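A short worksheet on the structure shown next.
There are 2 protein chains.
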Amino acid sequence: MVRKFVSFISLFSSFLSWLFSLLFLSSKPLIGFDFNGQTKFSDQLAKIRSFWQKNSQTILEEYFSFLSIPNVSTDTDNIVKNARWLIKALEKRGLETRLLNIAGAPPLILGELRTRGSKFTLGFYAHYDGQPVNASRWASDPWKPVLLDKPREAGGMPLEISAYDFSLYPEARLYARSASDDKAPIMAMLAALDALYACRISPSVNLKFIFEGEEERGSPHLSALLKANQEFLEADLWILCDGPVHQSRRPIIYFGARGIVGLELTVYGPARPLHSGHYGNWAPNPASLLANILASLRDAEGNILIEGFYRDVRPLTGEEKKALEEAPAIDDDLKKELKIAWSEGPGSIYEKILLPAMNIRGLSSGNVGPSAQNAIPTEARASLDFRLVPDQRPEKVKSLIEAHLKKRGFYVVYSEPDEETRLKFPRIVRLEWEEGYPPARMPMNDPLARAIKKTLEEVWGNQLIKLPIVGGSIPLYLFSELLHTQALILPMVNHDNNQHGENENLRLRNLWDGIEIFSCLFSRFNVSVEKTR
Amino acid sequence: MVRKFVSFISLFSSFLSWLFSLLFLSSKPLIGFDFNGQTKFSDQLAKIRSFWQKNSQTILEEYFSFLSIPNVSTDTDNIVKNARWLIKALEKRGLETRLLNIAGAPPLILGELRTRGSKFTLGFYAHYDGQPVNASRWASDPWKPVLLDKPREAGGMPLEISAYDFSLYPEARLYARSASDDKAPIMAMLAALDALYACRISPSVNLKFIFEGEEERGSPHLSALLKANQEFLEADLWILCDGPVHQSRRPIIYFGARGIVGLELTVYGPARPLHSGHYGNWAPNPASLLANILASLRDAEGNILIEGFYRDVRPLTGEEKKALEEAPAIDDDLKKELKIAWSEGPGSIYEKILLPAMNIRGLSSGNVGPSAQNAIPTEARASLDFRLVPDQRPEKVKSLIEAHLKKRGFYVVYSEPDEETRLKFPRIVRLEWEEGYPPARMPMNDPLARAIKKTLEEVWGNQLIKLPIVGGSIPLYLFSELLHTQALILPMVNHDNNQHGENENLRLRNLWDGIEIFSCLFSRFNVSVEKTR
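In order, the protein sequence lines correspond to chains A and B. The opening position of the first sequence corresponds to residue 21 in our numbering, with each subsequent residue numbered one higher. The opening position of the second sequence corresponds to residue 21 in our numbering, with each subsequent residue numbered one higher.
See below:
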């Protein structure tokens with residue numbers, strides 16, 4: 021435990037850092053979790069920093085060994101190797117571990133570190149599996165980590181681990197599958213424990229860890245595994261460590277995530293393609309039917325026109341509204357990057373993702389372009405995803421959409437309609453629902469939420485961006501609904517990490533920042549709770 | 021010239037035919053152009069019939085030699101062989117011929133037969149090229165004609181030409197590329213001339229023929245060729261011989277054809293696919309934009325919502341309305357065959373094709389089904405064809421559609437928008453227009469139209485179906501606008517001929533009927549003009 025946070029040394033160091041920022045950084049965009057302008061620079065943080073600076077080679081060597089094990093969740097042999105590596109790494113650090121198996125699923129790894137006399141338990145989630153790779157599109161072997169002095173597209177050249185000096189290479193990148201998504205937070209947590217031990221700083225709370233092995237497949241067994249281990253997984257708060265930090269490279273914390281429900285929608289025309297001249301405007305055109313359905317579901321401004329769709333949307337609190345205002349405006353830069361002169365409806369991107377979305381992810385009917393034929397297609401399909409916000413529920417959303425279609429005269433089927441059905445009902449729509457899951461959002465003024473903010477702000481000050489929700493869907497609800505524990509999301513990696521694609525990479529600065537973050541969370545949370553009480 | 025048409029023999033033969041129909045055909049669907057119930061059965065027709073019955077082997081042998089020459093319009097060597105075969109066939113029958121060449125185009129073949137003292141000239145059009153073949157999908161070589169005793173799917177077995185007896189094999193089929201589309205009417209015209217000569221019946225009018233060699237490529241040079249040969253192509257009426265007869269196998273005549281204009285429509289989203297969770301209902305979704313455009317252009321009942329779109333639609337005359345009522349009702353059978361329980365809006369198929377149509381021939385955006393990703397697509401495309409009816413013009417239709425889009429806030433471009441354009445204009449739509457061509461429809465009470473009907477009704481009586489327009493697009497306008505001559509369409513082949521696809525075939529009965537049709541048109545038109553004056 022460290023009690024003194026403001027010392028002369030830290031003040032002096034803070035002054036030097038501020039001076040440095042004036043000299044070198046003032047005209048540059050902010051990179052990394054800098055400590056400029058930070059007045060509460062603690063002894064502890066200086067020690068942690070000193071630790072990873074001195075031990076960067078050892079940390080990277082350990083990370084290289086982890087990244088060298090292929091980790092596609094269907095590659096059973098290798099997934100088991102990853103799990104063994106993790107168990108060993110946790111046990112080396114004195115954690116009690118469990119390896120939970122379900123037939124046909126990669127093992128779920130649990131780790132626990134008890135802190136004597138601690139009243140609180142923090143849980144951390146990350147996943148050790150990665151997206152499948154198309155190796156031919158990678159510049160190097162996805163499972164042979166490569167360290168470059170800057171991003172490859174900026175002309176990055178190989179760096180020796182032994183020669184790596186973080187201060188000389190602020191944009192150094194580590195290329196490997198899962199270098200960012202999602203082995204990075206795992207490595208940072210392990211190194212944070214090493215740092216605390218080396219600096220003789222004790223964790224202030226009990227720590228629990230879950231490392232999942234099939235997140236990229238949609239976590240098909242996570243719900244069952246959590247349910248079966250509810251007792252072991254008891255905690256005061258779960259922190260999900262996945263996804264990238266803000267595009268400005270500023271750190272970010274999300275107190276919720278949108279839910280999701282996917283839908284494949286098919287409408288039918290004639291049983292065979294028909295000459296559009298001989299049958300056009302007599303035989304039903306399924307593409308037109310589909311366009312009319314989609315236009316009835318939402319307008320081009322993103323407004324969902326389904327009756328009652330917004331009824332369950334929970335209003336924002338004053339604190340949530342304030343958080344949106346404080347977040348750095350990115351809309352103009354984003355539009356430029358994406359080459360768009362508009363966004364859907366009024367409101368910033370932060371405001372928009374606090375509303376439900378209906379996204380058309382695909383359309384298909386007949387043929388377009390050079391292969392288009394003068395024919396009436398036999399069917400038309402749209403693939404949709406609905407992003408849900410609290411307190412919407414997937415089942416409710418499904419029933420509203422079905423009611424909307426029925427009201428418009430459609431006969432709803434759930435599989436390919438047979439001849440009898442087709443001859444009986446004029447307008448048939450086939451719905452193939454994905455199961456989906458609900459959104460979750462914890463109140464920003466929850467005592468534990470305030471303690472987390474406090475801890476992180478001790479490191480980052482006003483650089484920390486707080487947002488009520490992340491636009492993407494993350495099954496936070498598993499924690500809030502199955503484990504009856506609030507959960508939030510703490511991302512760590514760079515946004516330009518090519519996550520899921522080829523040449524996935526980690527900006528090393530984000531790894532070092534991660535080590536500092538987790539060190540503080542492990543060791544300072546208790547203090548923050550006291551301070552925010 | 022034949023003067024006596026109603027003789028005792030013909031009356032007796034008519035009676036026998038009627039009796040035969042009672043005995044054998046009453047319970048069967050009507051097949052072929054039967055003469056049942058026909059009281060005016062002429063001597064002449066009996067002679068013609070007798071001719072083809074006696075000479076069927078010779079006629080089929082000549083047709084086999086024609087069908088054995090591959091006829092894809094881009095296969096220059098073979099196309100020239102087809103042209104030479106035709107020139108020889110026409111010259112053998114005493115016609116004056118011309119072979120018109122344009123660089124890069126198959127030759128257009130002209131033939132002329134003058135009839136001493138004739139006041140009228142009838143022109144006939146057909147095409148000798150065929151659709152490309154996918155030989156692997158054919159049951160036999162597309163250019164090695166095969167004669168079967170019935171359709172292949174009904175278990176047809178090979179027949180020797182020499183053993184072929186039309187009365188024993190009413191459903192005999194000839195399999196070859198272009199057996200129907202469109203060498204069949206050419207062969208029927210040649211055999212009709214042979215029949216007239218053999219029966220010592222003289223044509224009653226001057227005859228002109230055009231045989232085109234690139235219809236299946238969209239007739240890119242026909243307009244230029246017609247323009248350059250206007251004088252030679254002077255006629256009182258042009259008869260286009262292409263397409264199938266009615267699905268009931270009853271003969272049909274169309275006094276017009278819909279025009280067409282094609283459009284490829286593209287709208288744009290973000291420059292790269294975006295995560296639909298992080299950006300959904302902020303970044304513009306192009307598929308939604310497209311659905312809204314399409315729904316604004318037409319409703320699901322086929323009604324076109326573009327302002328002024330129907331303004332130029334010429335009202336139907338009383339005779340045209342009557343013709344629609346007289347045509348056999350096919351909607352219910354068609355719906356059953358096509359497995360649909362409805363058609364777009366009220367009205368029979370005959371009524372609907374007298375209106376313009378907007379057909380969506382294809383939709384494409386992102387991905388659907390198993391390959392769908394939770395992403396906002398970068399663009400969405402629709403491929404459309406508009407079917408036009410008199411007196412709509414393609415240029416006018418294009419300007420109405422562009423005005424519609426502009427009114428709805430779209431910035432119209434005609435090629436891929438560059439970055440500057442994308443950043444300047446919120447809603448951009450790219451339009452790629454096909455040139456298209458206008459519709460045409462001659463009045464059914466035009467004196468020449470009446471004479472044609474009279475001639476055909478002498479053969480078919482009330483079996484003849486008369487329709488103001490065919491739904492498909494055929495460039496009749498080239499004749500009416502370039503040659504300033506009315507034109508109509510006289511189909512000859514069976515509707516179930518697999519035209520354009522594999523195993524194209526001709527129902528032989530339709531060939532024999534064709535020989536009778538052309539014999540009558542060549543020899544009786546003059547008389548019909550007198551009778552309908």
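Glycine included, each C-beta is placed from N, C-alpha and C at the ideal position. Predicted model only: the values in this text are computed from it and were never measured.
Taking 7 Å as the cut-off, the beta carbon of glycine 282 of chain B is found closer than this to the beta carbon of glutamate 454 of chain B. Among the residues of the region 387-403 of chain B, those with a Cβ less than 9 Å away from any Cβ of chain A are Asn387, Val388, Gly389, Ser391, Ala392, Gln393, Asn394, Ala395, Ile396, Pro397, Ala400, Arg401, Ala402, Ser403, in the order of the chain. Scanning B/Trp72, B/Leu119, B/Tyr497 for the CA closest to the CA of asparagine 249 of chain B turns up B/Leu119. CA-CA distance, leucine 310 of chain A to methionine 207 of chain B, rounds to 46 Å.
DSSP assignment within the region 426-457 of chain A yields the following whole beta strand (DSSP E) runs of 3 residues or more, N-terminal first: 431-433, 448-453. Ranked by Cα distance from methionine 462 of chain B, the first of B/Ala155, B/Ser500, B/Ile485, B/Gly481 is B/Ser500.
Here glutamate 235 of chain A is actually not in contact with alanine 125 of chain A; their C-beta atoms are around 12 Å apart, not less than 8 Å. Chain A places no beta carbon closer than 7 Å to that of leucine 179 of chain B, leaving this residue out of the contacts. Across the set B/Pro162, B/Ser187, B/Tyr195, the C-alpha of B/Tyr195 shows the shortest separation from the C-alpha of glycine 176 of chain B. Against chain B, the CB of serine 363 of chain A has a partner CB under 7 Å away; the residue lies at that interface. Less than 7 Å separates the beta-carbon of lysine 247 of chain B from that of leucine 502 of chain B. Out of B/Leu227, B/Asn301, B/Pro348, the CA that lies nearest to the CA of proline 271 of chain B is found in B/Pro348. Under a 10 Å Cβ-count criterion, glutamate 478 of chain B is classified as buried, with 16 or more other Cβ atoms of the shown protein chains found around its own Cβ.
Tryptophan 362 of chain B counts as exposed, since fewer than 16 other C-beta atoms from the protein chains shown sit within 10 angstroms of its C-beta. In the three-state scheme derived from DSSP, where H, G and I count as helix and E and B as strand, glycine 491 of chain A is classed as strand. Within the same chain, Cβ atoms closer than 8 Å to the Cβ of leucine 354 of chain B are found at Gln267, Ile369, the five residues on either side in sequence being excluded. Within the region 434-446 of chain B, the residues whose Cβ lies closer than 7 Å to some Cβ of chain A are Glu439, Arg442, Leu443, Lys444, Phe445, Pro446, listed in chain order. Boundaries of the beta strand (DSSP E) harbouring threonine 286 of chain A: 276-288, taken from the DSSP string.
Contact with chain A is absent for aspartate 185 of chain B, since none of that chain's Cβ atoms lies less than 7 Å from the residue's Cβ.
In summary, glutamate 180 of chain B is exposed, with fewer than 16 beta-carbon neighbours lying within 10 Å of its beta-carbon over all protein chains present. Only Arg292, Leu294, His295, Ser296, Gly297, His298, Tyr299, Gly300, Asn301, Trp302, Ala303, Pro304, Asn305, Ala307, Ser308, Leu309, Leu310, Ala311, Asn312 from the region 292-312 of chain A bring a Cβ to less than 8 Å from some Cβ of chain B. Taking a Cβ-Cβ cut-off of 8 Å, leucine 487 of chain A has no neighbours in chain B, whose nearest Cβ is about 11 Å from it. Straight across, the Cα-Cα distance linking leucine 260 of chain B with lysine 228 of chain B is about 12 Å. At a cut-off of 7 Å between C-beta atoms, proline 190 of chain B does not count as an interface residue with respect to chain A. Per the coordinates, the alpha-carbon of glutamate 524 of chain B lies some 12 Å from the alpha-carbon of proline 152 of chain B. Its Cα nearest to that of methionine 464 of chain A, the residue A/Pro488 stands out among A/Leu451, A/Arg450, A/Gly297, A/Pro488. Close to serine 493 of chain A, with beta-carbon spacing below 7 Å, are these residues of chain B in chain order: Gly297.
Taking a Cβ-Cβ cut-off of 8 Å, the neighbours of proline 290 of chain A in chain B comprise Leu358, Lys359, Ile360, given in sequence order.
The three-state reading of DSSP puts phenylalanine 538 of chain A in helix, counting H, G and I together. Using a Cβ-Cβ distance cut-off of 8 Å, the region 312-326 of chain A and the region 325-334 of chain B are not in contact, since fewer than three pairs of beta carbons, one from each stretch, lie closer than that value. Nearest Cα to asparagine 121 of chain B within the set B/Lys112, B/Asp533, B/Ile89, B/Glu232: B/Glu232. Ranked by how close their Cα comes to the Cα of serine 62 of chain A, the residues A/Thr552, A/Gly338, A/Ser539 have A/Ser539 in first place. For a cut-off of 8 Å, the C-beta gap from proline 376 of chain A to valine 409 of chain A is around 5 Å, short enough to register as a contact. Contact between asparagine 98 of chain B and tyrosine 148 of chain B is ruled out by a C-beta separation of about 11 Å, above the 8 Å threshold. Contact annotation for aspartate 319 of chain A against chain B: Asn312 [CB-CB distance below 7 Å, chain order]. With a cut-off of 8 Å on Cβ pairs, the region 331-349 of chain B is not in contact with the region 302-309 of chain B, counting fewer than three such pairs.
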